Amino acid sequence: MGEQKIMPKYSVKKPMTIFVIVVIIIALGVVSLMGMTPDLMPSIDLPYVVVMTTYVGATPEEVETAVTKPLEKSLATVENLKRMQSVSGANYSLIMLEFENGTDMNTSVVNVLQNTDLIEGSWDENIGSPYIMKINPNMMPITIAAVDMEGYTTEEISSFVKDTLINRLEGITGVASINTGGLIESKINVSISKDKIDDLNQKLLSQANGSLANARAQINTGISEINKAEAQLNAAKAELDKTKDGTYDKLASISAELDAAVAWASALPAQISALEGQKMVLETQLAEGIGNPVEIKKQIASLTIQIETMKRAQQEASLNVETLKKSYKEAEKGAYTAQDSLDDAYKQLETTQKKVLEQKNQLNGALIQVNAAGNEALAKANLGSMLNMESVSGILQGQNFSMPAGYIQDEDSRFLVSVGDEFTNPEEIENLFVFNAPGLGDIHLGDVADVFVADNSEKVYASINGNPGVMLTFSKQSNYPTATVSGNISEKFEELSEEYEGLSFTTMMDQGDYIYLIIGAIGQSLGFGALFAVLILLLFLRDIKPTLITLISIPVSIMFAIVMMYFSGVTLNMISLSGLAVAVGMLVDNSIVVIENTFRLRRMGVPVRKAAVAGAKQVSGAIASSTLTTVCVFVPIVFVEGITRELFTDMALTITYSLAASLIIALTLVPAMASMMLKKEIKPDGERFNAFKKWYAKLLSWNLKHKAIILTAAVVLLIFSIVASVARGFIFIPDMATPQLSGTMTMTDEEAGIQDTKAMADEVLARITEVEGVDTAGGMLSSANSLTGEVSADMVSLYVLVDQESDRSGGEICEDIEKACEDLNCTVEMLSSSSMSSYTSALGGSGVAVEVFGDDTQDLQTAAQQIGEKLQEVDGIVSVDNGLEEADDEYHFTVDKEKAMKNGLTVAQIYMQVAKVLTAETNATQLLWEGENYDVVVENPAAAGISIDELKDLRLSGTDSNGNTTTVKLSDVAEMNEIKSLPSINRIDQRTYLNVTGEVEENQNITLVTEKAQKALKDYEAPDGVTYGFAGENEMIMDAMKDLVKMMVLGILLVYLIMVAQFQSLLSPFIVMFTIPLAFTGGLLALLIFGKEISVIAMLGLIMLVGIIVNNGIVLVDYINQLRAGGMEKRKAIIEAGATRMRPVLMTSLTTILGLVIMAVGKTAGTDMMQPIALVCIGGLVYATILTLLVVPVIYDLFTGSKYRHIKEEDIDVSDLIV
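In terms of our numbering, the sequence shown is residues 13 to 1231.
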């Protein structure tokens, strides 16, 4: 406290030093202010990271198994992870990671990236690389503008925007990206033509069949000639055999006769044996197919007869011996001659037969080759199997290629070597060589596909006041202030509008305008607060000089605060400026106490310099303590977590800086100025004020005699205010009105197409423009899926600008818009506020939410449905979503793995072939044509019209264990079932869950409705293995309230300890603490009177009241103690202190109260969000100030004795002590 007492004396002694310091502060403040740019909200480092991964063509179940679960297991080990939530949908996986507050998010993003890299290498090639994104408020668009041009069609304005505007707008300083809506985009379509392919197939088939027929005819003719030659050879052989047989028959006959004659008995068996030998030869020939079978059989039969005849002739043989001997010799000679001739003939015949057989075999082989070539030709004639979407896409990618290959060093020169040449126009694509077909020549892409330029005009809609246009959405770079970038955009709009005749930009949403609107409103509140403070000072002091002395503390304190904000990184935003607006009335409090005490001493005749020094010294301890108590309530904010801390740290710092400055000024600048400006004699108080003081003294005396009545009334009002306020429920942050309204139009007809939606949107926008207070109305087709950008066919986003000259509120206009569209076949929902609760609902959700967990899908769905039914019965819930969503129809093929493997197929291979058939289009490459990039898209029109029966008959190709190609129908290896499947699978911390939500009825409080829902589910018994818990907006609100209550308790403790240090007593601070419940009573009553719920903002007001309201009590109790220390009797001291300190108490309270009036009653953007803090402070100060002057004296009298005990200076004077 010694330094505080030295400061006034030094200031009075050296006033010019103080003035120099003040000038320096003001100069630094101006420089700091010029270097600061306004923003909507403080810089918030949200502890959230999103991991998005695409898996094209995959179902939610496949995505969960292949992507989400492996990622979750890997990411679960990331340091400081608090909660992990995932969604597995068709084609994508999204995982949101929530980290502990205070975590370094840049480090966390690196850790997440490292963990995803660990498993990415094992993924299927169809799974994309994870996209990791840190959630940042800067991601939200800062400006949405509509562009239209007089006389331009949609196609013309789209072309103008793409070719001219986008390039000009992307160069705006601070703009990170520009997204377009309603822009007609062109692409190069390569549509595989079934008719062209069929025509080529037919030509190839006809040519192949003709060639095959000619080859077969030639071969067949050769075979026929060979067969004739073979027949002739066989005939010649038969003749030779016949001649040979005749010669031997004759010789045998003679020999037989001779033998019979020579040896009657023995010769004849030899003959018979010879004939039998011949028979055996013939039988062998017959068996081997040599010769004519008919002839051979005849010969065999003839020999049989001869043998029998010879046996009969055995008796006559002996008679012809001589004759037969002679005949035999002659016959034997002829037989030898014939045998030689026959041997030569046989040799020639065998040689000829071999040659004929070789030629026949050659012709048969040629026939086999021709047939094989025919089959190959027929296969090649089926171009549809060769020219599919995948192969065409591959050809386009491979041919549209240009890449540096390296460098060549040639003496002193270095040359870049590049390979390739990219397409320059669609004609090159159409004339692209594909393959050569025999007989048809070169086949080009245009021969098998239609190549043409297409656009998305059928799927595009954007309208501004009935005119076609394009919506532009601007996002800023994170290191640029919103207001600066918004201003740059507006300047560019003006420049372009002047440059191009008829070009018009309509800003549908602009955070920059909103920021300046809010800052202007808060600045207006700050200005009026300062003005009211001046009026209060004039009213009580009735002198312009002390008023000016006190008033100077406001700008100097604000400039000091701005300097400190600049160096501590606090930006000019709605929260920090609200802190200045709240503090503006308190900035003069310390100066008021000092100047009022100085004024009092001057009235008593004390010289001006002594009065200036003593006036500050006497109250220095009190105002230092009061400043510390006001500031210290914000210290516990370091223990608060989440968005509450992120948002309101700026307010705490701003108030702390400004109040610290006001204390220094009150102890330095005020005494210095007072010593120079209050030299004239001060008149004593007027009769009216003296009369008021006497009336107050009498009233206080009555209160001291009737303590029970006063205290009972105070306690009853406190209890009533708490119960009544809690009964209204809690909210997070109040909504903020904005002149920029938004909404959606959704078609109620599920069968409605895009054209129906467009027509309905035109009608809705026409009706909106007729609503009173609407300046501009626009709309564009909404995105059905923010991850894929797919356009919804039944939803249009609406944007409405309120006429600034209209006195109608956004809520009233929204109601009129919804009523105007009630009879249409659509649902129009408008949002009348730029709500901070909407901003935070993205993190905490909105409405009543119940998270249901379970491992068994059937039990989980059953529990969710039952919980949803119970929530539907809760009063205040208008609709319930049980989280099951509308199940999609699905044809599910269950593959028989054994059958598939027997045909050389795996489940994955079957999937790939089915997916290929069902894929309608794919992006193959890009074409830079006439300065614009076009996507080259290969289409397969057949995929769009395929039926389930055709799909089941799909021929699948595989390779068996022997390496042979196999084909099998899909239905032969897989069973098809028609089932219902969920569009997405949700998980929290690796547990599957369903989120059952209830939409809260308008004007119903979320916390009260949630409480009813909790009662409704109190007795509900979930199936085994299923658990549930409440989450969402209510949990976020209650968590914030718990943090703020903890902050309040710690703040109260700190306030008490500071007062203990000041009073050197435990009792006096205890007495002062009774002002806190009084302030709470007034603050809560103010909320009730104005129909406001308890919010985070209101709780901050109550916390501030803890530090503010004790100041009056400190001033009062401190002066009572001073009087009693001077020997005055307790009750007389109480009354005297109350009368004496009444004026500074009223002055400080009224300046603070009136400083908040504009914020409390204002209806402009910015003030409405901070309105609860103003209402609480005003209500608390009004009520507590009055009762401080009436109840605190009663409490003091009740708890203190008649004797005042304190340590006197002489009791601790050791100057005469001899050791």
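Idealized CB from N, CA, C, for every residue including glycine. Please read these numbers as outputs of a predicted model, since none were measured by experiment.
Backbone secondary structure at L484 - three-state DSSP: Stepping through the sequence shown from its first residue, residue 484 is reached at position 472. DSSP places L484 in strand when its eight states are reduced to three.
Assigned secondary structure, S847 (DSSP; H/G/I helix, E/B strand, else coil): Working through the sequence shown from its first residue, we reach residue 847 at position 835. Note that S847 has pLDDT 43, beneath the 50 cutoff, so the model's placement of it is unreliable and the number below is only indicative. In the structure shown, S847 sits in coil (DSSP, three-state: anything other than H, G, I, E or B).
Distance between D522 and T155 (C-alpha atoms, nearest Å): In the sequence shown, counting from the first residue as 1, residue 155 sits at position 143. In the sequence shown, counting from the first residue as 1, residue 522 sits at position 510. If you take the alpha carbons of T155 and D522, they lie about 4 Å apart.
CA-to-CA distance, L613 to R657, given in whole angstroms: Stepping through the sequence shown from its first residue, residue 657 is reached at position 645. Stepping through the sequence shown from its first residue, residue 613 is reached at position 601. Spanning the two alpha carbons is a distance of roughly 45 Å.
Alpha carbon of D57 to alpha carbon of M117, nearest angstrom: The residue given as residue 57 occupies position 45 in the sequence shown. The residue given as residue 117 occupies position 105 in the sequence shown. So the two alpha carbons sit approximately 8 Å from each other.
Limits of the beta strand (DSSP E) - the one that V198 falls within: The residue labelled residue 198 in the question sits at position 186 within the sequence shown. For clarity, residue 198 is Ser in the given sequence; the question names Val instead. Note, S198: beta strand (DSSP E), S198 to I204.
Beta strand (DSSP E) segment containing K94, residue limits: Here residue 94 is taken as the residue at index 82 of the sequence shown, counted from 1. Run containing K94: L93 to G101, per the beta strand (DSSP E) assignment.
Nearest candidate by alpha-carbon position, reference K1183, set A313, A634, G916 and A533: For this step, residue 1183 is matched to residue 1171 along the sequence shown. The sequence shown places Gln at residue 1183, rather than the Lys named in the question. Checked all of A313, A634, G916 and A533; the closest Cα to Q1183 is A533.
In DSSP terms, what E841 is bridged to: Numbered from its first residue, the sequence shown carries residue 841 at position 829. E841 pairs with T756.
Three-state secondary structure (DSSP) of S1161: Here residue 1161 corresponds to residue number 1149 of the sequence shown, with the count starting at 1. If DSSP states are grouped into helix, strand and coil, S1161 belongs with the helices.
Straight-line gap, F742 to S588 (C-alpha atoms, nearest Å): As a first step, residue 742 is located in the sequence shown; it is residue number 730 there, counting from the start. As a first step, residue 588 is located in the sequence shown; it is residue number 576 there, counting from the start. Rounded to the nearest angstrom, the two C-alpha atoms are 24 Å apart.
Cβ neighbours of M19 in the same chain (closer than 7 Å, five flanking residues each side left out): On the sequence shown, position 7 is the one that residue 19 refers to. Correct list, in chain order: L679 and T680.
Same chain only: Cβ atoms within 6 Å of A277, ignoring 5 sequence neighbours per side: Here residue 277 is taken as the residue at index 265 of the sequence shown, counted from 1. Residue placement at A277 is flagged as unreliable, the pLDDT there being 49, under the threshold of 50; a coordinate-derived value is accordingly withheld.
Between the CA atoms of I566 and G1192 - distance to the nearest angstrom: Counting from 1 along the sequence shown, the entry for residue 1192 is found at position 1180. Counting from 1 along the sequence shown, the entry for residue 566 is found at position 554. Using only the alpha carbons, I get a separation of about 23 Å.
I1088 Cβ short of 7 Å to the ligand FMN heavy atom set: Of the ligands one can find in the structure shown there are none, so the ligand FMN has no counterpart to examine.
Reduced DSSP category for D525 - H, G, I as helix; E, B as strand; rest coil: As a working mapping, residue 525 is identified with position 513 in the sequence shown. Note: D525 maps to helix in three-state DSSP.
Segments of 4+ residues assigned as alpha helix (DSSP H) that fall wholly inside the segment 915-971: 919-930, 953-956 and 960-964
Top-ranked residue by Cα proximity to M520, from E1105, L813, K964 and E442: The residue you call residue 520 lines up with position 508 of the sequence shown. Per the Cα distances, L813.
Assumed close pair L963, I922 - CB separation to whole angstroms, cut-off 8 Å: Here residue 963 is taken as the residue at index 951 of the sequence shown, counted from 1. Here residue 922 is taken as the residue at index 910 of the sequence shown, counted from 1. L963 to I922, Cβ: 12 Å. No contact.
S189 and A936 closer than 8 Å at C-beta: To locate residue 189, count along the sequence shown from 1; it is residue 177. To locate residue 936, count along the sequence shown from 1; it is residue 924. Going by C-beta atoms, S189 is not nearer than 8 Å to A936.
CB-CB length for V1127 against V605, believed under 8 Å: Stepping through the sequence shown from its first residue, residue 1127 is reached at position 1115. Stepping through the sequence shown from its first residue, residue 605 is reached at position 593. About 7 Å separates the two Cβ atoms, so the contact holds.
Rounded Cβ spacing between Y6 and I879 (contact assumed at less than 8 Å): Summary: the structure shown does not reach residue 6, with the chain confined to residues 13 through 1231, and so no result is reported for it.
Proximity of N1124 and V1157 at Cβ, strictly below 8 Å: Position 1112 of the sequence shown holds residue 1124. Position 1145 of the sequence shown holds residue 1157. Yes, the pair counts as a contact, with Cβ atoms nearer than the cut-off.
Which residues DSSP lists as bridging Q318, in chain order: Counting from one through the sequence shown, the residue named residue 318 turns up at place 306. Bridge partners of Q318: none, in fact.
Nearest-angstrom Cα separation, counted from G1063 out to C1233: The shown model of the chain, from 13 to 1231, leaves out residue 1233, and the question about it has no answer.
Member of V75, V79, D467 and H718 whose CA lies at the smallest distance from the CA of V949: Position 937 of the sequence shown holds residue 949. Considering only alpha carbons, the answer is D467.
Neighbour-count burial assignment, D887, 16 or more Cβ in a 10 Å radius: Locating residue 887 in the sequence shown gives position 875, counting from the first residue. Exposed, since its Cβ has fewer than 16 Cβ neighbours within 10 Å.
Spatial distance of Q1134 from A634 (CA atoms): Taking the sequence shown and counting its residues from 1, the one referred to as residue 1134 is at position 1122. Taking the sequence shown and counting its residues from 1, the one referred to as residue 634 is at position 622. So the two alpha carbons sit approximately 12 Å from each other.
For V90 and S98, the rounded distance between their alpha carbons: On the sequence shown, residue 98 is found 86 positions in, with the first residue counted as 1. On the sequence shown, residue 90 is found 78 positions in, with the first residue counted as 1. Cα to Cα, the separation comes out at about 16 Å.
Beta-bridge partners of Q421, as assigned by DSSP: Position 409 of the sequence shown, counted from the first residue, corresponds to residue 421. Answer by DSSP bridge pairing, in chain order: R426.
With 16 other Cβ atoms within 10 Å as the buried cut-off, status of K629: Position 617 of the sequence shown holds residue 629. It counts as buried.
Residues near S23 in its chain [Cβ-Cβ closer than 6 Å; skip 5 each side]: Along the sequence shown, one-based indexing puts residue 23 at 11. Counting only Cβ-Cβ distances below 6 Å, and skipping sequence neighbours, we find I30, T680, P683 and A684.
Those residues which DSSP pairs with Y143 across a bridge: Counted from its first residue, the sequence shown places residue 143 at position 131. Answer by DSSP bridge pairing, in chain order: M64.
Length of the line joining the Cα atoms of D601 and I677: What you label residue 601 is simply residue 589 of the sequence shown in a count that begins at 1. What you label residue 677 is simply residue 665 of the sequence shown in a count that begins at 1. Those two C-alpha atoms are separated by around 11 Å.
Straight-line gap, P619 to K26 (C-alpha atoms, nearest Å): Along the sequence shown, read from residue 1 onward, the residue named residue 619 stands at position 607. Along the sequence shown, read from residue 1 onward, the residue named residue 26 stands at position 14. Distance between the alpha carbons of P619 and K26: 18 Å.
Distance between beta carbons of L130 and S86, contact taken as under 8 Å: On the sequence shown, position 74 is the one that residue 86 refers to. On the sequence shown, position 118 is the one that residue 130 refers to. Between L130 and S86 the Cβ distance is about 6 Å, and since that is below 8 Å, they are a contact.
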